Amino acid sequence: MSSRTLETIIHPEADTATFLNLLRQQFNITRIYYPGAGTDDTLESAFAQQEITYLDKMVLDIILEGVKLRLNFEDDGFTSFFEFIRKFAKGRNYVLGDFGKSPFADGTFGAVFYKDIHATEEELAEILRTLRTGGVVIHGKDICEGEEGRKMLEAAAMLGMLREVRLPYTHPDLTVFQKA
Ligand SMILES: C[S@@+](CC[C@H](N)C(=O)[O-])C[C@H]1O[C@@H](n2cnc3c(N)ncnc32)[C@H](O)[C@@H]1O
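Put into C-alpha cells, the structure is as follows:
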C-alpha cells in the first residue's frame, strides 16, 4: 500500500497515531519491540497491546528495591509506585529482562521503538539482532540528559547496519531507520 495519501500530502506533519499507523502500513509491522519501555504506552495509539513486546529491567529493580526498602523502612510512596508498574505490566506482553541479552530469536520483530534507553554499542547491536531485515527502528527524540540515541543510530547507519529513511510524512519527534 502506498504511504503517500492526500492526507500526508496536505498535512505532511502527522500526529503520533497517524505517523505510527502510516509506518505500520508501509512496513507491514505486526510485531513491535519496545526495549527499555518503562511505563510508556505511546505505541498503543497505533498498535494493539498483543502486537507490542515490552521489555525492561526496571520492574525487577523496583521489586528488589521495594523488598529492600520494606525491610528497612515503613515506606509508602514506593509501594504505590510498585503497584503502578505491576498494573502496567499486567495484561501486556511485558518481559522482565536485559535488552543487552534478550530472549528473542533473530529477526523476530518488524519494528523497534527506541527512546531514551542509554544503550551501549553492544546493546544496540543486540537489539538490532531481533529486528528482521527491512524492519524499522522508530527513534523517539532524545530527552534524557546525556542520551545520544540518535547519534548511536547514525553511527550504526555509517557502519551500514541501518539506513535513515526519508518519508513523505514526518513527525516532530520521531525519525525512522531501516535495517539493511
Ligand atoms: C529513561 S527511561 C525511558 C523509558 C521509556 N523509554 C520512555 O521514553 O519513557 C530508561 C528505561 O530503560 C530501562 N533500562 C535501562 N537499561 C536497561 C537494560 N539493560 N535492559 C532493560 N531495560 C533497561 C530502565 O529500567 C528505564 O525504564
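Residue numbers (numbering that gives the first Met the number 0): 0 to 179.
Note that CB positions come from ideal geometry on N, CA and C, so glycine has one too.
Keep in mind the model is a prediction, meaning the values are calculated, not measured.
- Here S101 is near L54, since their CB atoms are less than 8 Å apart.
- At a Cβ-Cβ threshold of 8 Å, L127 and M157 do not count as neighbours.
- Distance from the CA of T38 to the CA of R85, rounded to the nearest whole angstrom, comes to 10 Å.
- With contacts defined by Cβ atoms closer than 8 Å, T132 and G96 do not form a contacting pair.
- Boundaries of the beta strand (DSSP E) harbouring G139: 130-139, taken from the DSSP string.
- In this structure, F98 lies near E122, with their beta-carbon atoms less than 8 Å apart.
- The three-state secondary structure of G109, taken from DSSP, is strand.
- Counting of Cβ neighbours within 10 angstroms places K89 among the exposed residues, the total staying below 16.
- In this structure, DSSP gives F98 a state outside helix and strand, which the three-state scheme calls coil.
- Placement of the Cβ of A36 at a distance of less than 7 Å from at least one heavy atom of ligand 1 is found.
- Bounds of the beta strand (DSSP E) holding E163 are 161-163.
- A heavy atom of ligand 1 is found nearer than 7 Å to the CB of I116.
- Assigned with DSSP and collapsed to three states, F83 falls in helix.
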